[in-house]
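In full-length UniProt numbering, the protein residues as written are 1 to 70.
Using N, Cα and C, we set each Cβ at its ideal position, and we do this for glycine too.
Here's the structure, in structure tokens; my notes come after.
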């Protein structure tokens, strides 16, 4: 895996970690019911998975586009 792609994945991971931390803090300050916390965690996980898939699709599209022009 190219170094640049690993760097982008690391940045995406850090952003996701910050977002999950924010959601956890927000859940703790606003609503402590287990159902609400579980729902927020599921939403965060889905968002992270979607962001990772989007990043992978974008990287693949850019790679295909650059190889096509050669």
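Sequence-distant residues of its chain with Cβ nearer than 7 Å to residue i (five each side left out)
i          : result
residue 45 : none
residue 52 : 12
Cβ pair residue i, residue j closer than 7 Å
i          : j          : result
residue 63 : residue 12 : no
Own chain, CB closer than 6 Å to residue i, minus 5 neighbours either side, in chain order
i          : result
residue 22 : none
residue 16 : 48
Same chain, Cβ closer than 8 Å to residue i, five either side skipped, listed in chain order
i          : result
residue 5  : 59
residue 18 : none
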